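Residue numbers (mature numbering (1 follows the signal peptide of the UniProt record, and there is no 0)): -15 to -1, 1 to 244.
See below:
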């Protein structure tokens, strides 16, 4: 049984940790996100800290006049020049974690490390071609999320290319219901924002895409808008992509069930 430890920091923020000897870290390993187990240093006082004030701050250990060391949440004024890139929850890459917190403090915003290493998503603005392909990539990702939910593993051979329109609609509806926190039949700006921030370190087109799904401009997305945004656009992109590769769709497109 793990024993919880609490400490009151000098910023007045109550933080908690456990006596676990290791922690999980997400890193970019040559283009693939993997989880590694990093052994904790028992003497690292910042393991006990979760900084919330000042906004954007991180933990540093300071030695007092009496020689005792205390962890404090501070905004860094200077940062080392050594590159240890990290990718933020907003999808922006920083040369190291210190620079991330320095900018977070300047903007008075809570910016966190999504994973260590270079960002997988492109740092350039979303191009017209990337935007058109985005719903296809997103539906494939939803397919793998559902596999994890149902079976606990991802089948690398599955793809929406083998699905009927009805199956794609069911997949889009499944994820809609997962994201609809209030169960009111719409995805609010908050629902989409939280999901978009999880996507942004991986997809630089996420924000623009979700804004485009709000066809009636009511600051939320209905199920029919969601399905059109994902399924219709995904199929349109795939048909155009295959037509460029193999000619008219009558040549390569398998008969699909009518829905």
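By construction, the Cβ of each residue, glycine as well, lies at the ideal position given by its N, Cα and C atoms.
Quick caveat, the model's predicted, so the values are computed rather than measured.
Original post:
In three-state terms, what does DSSP make of residue 56?
Top reply: strand
Original post:
Alpha carbon to alpha carbon, what distance is there between residue 76 and residue 192?
Top reply: 11 Å
Original post:
If we count the other Cβ atoms within 10 Å of its Cβ and call it buried at 16 or more, is residue 34 buried or exposed?
Top reply: buried
Original post:
So what does DSSP say about residue 4, is it helix, strand or coil?
Top reply: Confidence at residue 4 is low in this model, with a pLDDT of 41, below 50, so its placement is unreliable and the value that follows should be read with caution. Coil, per DSSP.
Subject >> Segment contact flag, the stretch 85 to 93 with the stretch 105 to 120, C-beta cutoff 8 Å, min 3 pairs >> reply: no
Subject >> Residue burial classification, residue 54 (beta-carbon count within 10 angstroms, cutoff 16) >> reply: exposed
Original post:
With 16 as the cutoff for other CB atoms within 10 Å, does residue 147 come out buried or exposed?
Top reply: exposed
Original post:
Who are the near neighbours of residue 94 in its chain, counting only those whose CB is closer than 7 Å to its CB and skipping five residues on each side?
Top reply: 40, 41
Original post:
What is the DSSP secondary structure of residue 143, counted as helix, strand or coil?
Top reply: coil
Original post:
Which residues bound the alpha helix (DSSP H) around residue 125?
Top reply: Annotation for residue 125: the continuous alpha helix (DSSP H) segment containing it runs 113 to 136.
Subject >> Where the alpha helix (DSSP H) containing residue 163 begins and where it ends >> reply: 150 to 164
Subject >> Beta-bridge partners of residue 206, as assigned by DSSP >> reply: 172
Original post:
Which runs of the beta strand (DSSP E), 3 residues or longer, sit entirely within the stretch 62 to 112?
Top reply: As far as the stretch 62 to 112 is concerned, its whole beta strand (DSSP E) runs of at least 3 residues are 71 to 73, 98 to 101.
Original post:
Can you give the beta carbon distance from residue 208 to residue 170, rounded, assuming they're within the 8 Å contact cut?
Top reply: 7 Å
Original post:
Hey, is the stretch 125 to 132 in contact with the stretch 189 to 203, meaning 3+ C-beta pairs nearer than 8 Å?
Top reply: no
**OP:** Spell out the partners DSSP gives residue 212 in its beta bridges.
**Re:** In the DSSP output, where bridge partners are listed per residue, residue 212 has none listed.
**OP:** With DSSP as the reference, please indicate the residues paired to residue 226 in a beta bridge.
**Re:** Paired residues: none, contrary to the question.
Subject >> Own chain partners of residue 173 with C-beta closer than 6 Å, once the 5 adjacent residues on each side are dropped >> reply: 205
**OP:** Would you kindly check if the distance between the Cβ of residue 17 and the Cβ of residue 9 is under 7 Å?
**Re:** It is not a contact, given that the beta carbons lie outside the stated cut-off.
Original post:
Start and end of the beta strand (DSSP E) containing residue 44?
Top reply: For residue 44, the uninterrupted beta strand (DSSP E) run begins and ends at 43 to 48, by DSSP.
Original post:
Looking at the structure shown, is residue 178 part of a helix, part of a strand, or coil, going by DSSP?
Top reply: helix
Original post:
From which residue to which residue does the beta strand (DSSP E) around residue 32 run?
Top reply: Note, residue 32: premise wrong, no beta strand (DSSP E); not H, not E.
Subject >> Boundaries (first-last residue) of the alpha helix (DSSP H) holding residue 256 >> reply: Past the boundaries of the shown model lies residue 256; the chain is included only from -15 to 244, so the question cannot be answered.
Original post:
Which residues in the same chain have their Cβ closer than 8 Å to the Cβ of residue 90, if we skip the five residues on either side of it in sequence?
Top reply: 39, 40, 41, 42, 60, 61
Subject >> residue 269, enclosing beta strand (DSSP E) - first and last residue >> reply: Because the chain is modelled from -15 through 244, residue 269 falls outside the range shown and cannot be assessed.
**OP:** Report, in whole angstroms, the separation of the C-beta atoms of residue 212 and residue 158, which I expect to be a contact under 8 Å.
**Re:** Between residue 158 and residue 212 the Cβ distance is about 7 Å, and since that is below 8 Å, they are a contact.
Subject >> Opposing strand residues paired with residue 13 [DSSP bridges] >> reply: 18
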